[in-house]
Amino acid sequence: MTKRSTGDSRKSILVTILLSACSAEPLTPPGDVDLAPGGHSFADTLFAVERDGQITQCNGGSPSCLVLPETSCDAKLALGTNDGQRWDLGANGTLEVAFLCGFIMEHGGDAVTPDFKIWATVTDGSRAIVEVGPDPSHYQRLDFLDESDKSFALERVPGAEIVRYVRITDAGQGGVSIDAIEAL
Ligand SMILES: [Ca+2]
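Anchor point for the sequence shown: position 133 equals 495 in this note's numbering, and the numbering is continuous, going up by one each time.
This is the structure we're talking about:
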């Protein structure tokens, strides 16, 4: 075996390990419930939270997809499955979550079909701005979260075929609380 092929083999093994680490094993978010095993994926990582003008970076912890990153941020209530435990955005508050063990994929071709769902409670007259991106530096505005448990279609954003980050920003009135973000 040549030196190069050994290196390729090692790369292949590494990729295999990484892929298997991010397989559909049930995840257990701290303080929340199990993610749906083998089912749709839910936001698994808190990236940042802003409420009452204070920004908190929440990422960190384990890089393994078998266990959600540990975080002291209370906004972890918005991770994992829709379990009825919600994070209140607060007026002008922002929540940034990521699918680091999964992703949201546009499907349906030219047809506008729901690609992800934000499980949320939105009081009458309240709304939040929803943005998506492949990373936290390239958000594109998608739509408003202006009703509870609303589904969204990536077709509204040209070129957004796979996204991993979702940023939800209260439009000013408050009254929006997030339970979970689910890739469909
Ligand atoms: Ca929840």
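C-beta: ideal position from N, C-alpha, C; glycine also.
Here the structure is a predicted model, which means the values were calculated and not measured.
DSSP places residue 512 in the uninterrupted beta strand (DSSP E) bounded by 512-514.
Placement of the Cβ of residue 440 at a distance of less than 8 Å from at least one heavy atom of ligand 1 is found.
Not one heavy atom of ligand 1 sits closer than 8 Å to the Cβ of residue 526.
Under DSSP, residue 518 takes part in no beta bridge, so it has no partner. When DSSP states are grouped into helix, strand and coil, residue 473 belongs to the coil group. Beta-bridge partners assigned by DSSP to residue 502: 494.
Judged by pairs of C-beta atoms under 8 Å, the segment 514-524 does not touch the segment 437-447, as fewer than three such pairs exist. Cβ contact annotation for residue 465 (same chain, cutoff 6 Å, sequence separation greater than five): 524 and 526, in chain order. Residue burial annotation: residue 503 is exposed, with fewer than 16 other C-beta atoms found within 10 angstroms of its C-beta. In this structure, residue 444 has its CB closer than 8 Å to one or more heavy atoms of ligand 1. Boundaries of the beta strand (DSSP E) around residue 479: 478-484.
Here the alpha carbons of residue 441 and residue 541 stand approximately 7 Å from one another.
With a threshold of 16 other beta carbon atoms within 10 Å, residue 509 falls short and is exposed.
Taking C-beta atoms as the reference points, residue 534 and residue 485 fail to come closer than 9 Å. The shortest C-alpha to C-alpha distance from residue 490 to any of 522, 496, 545 and 481 is the one to 481.
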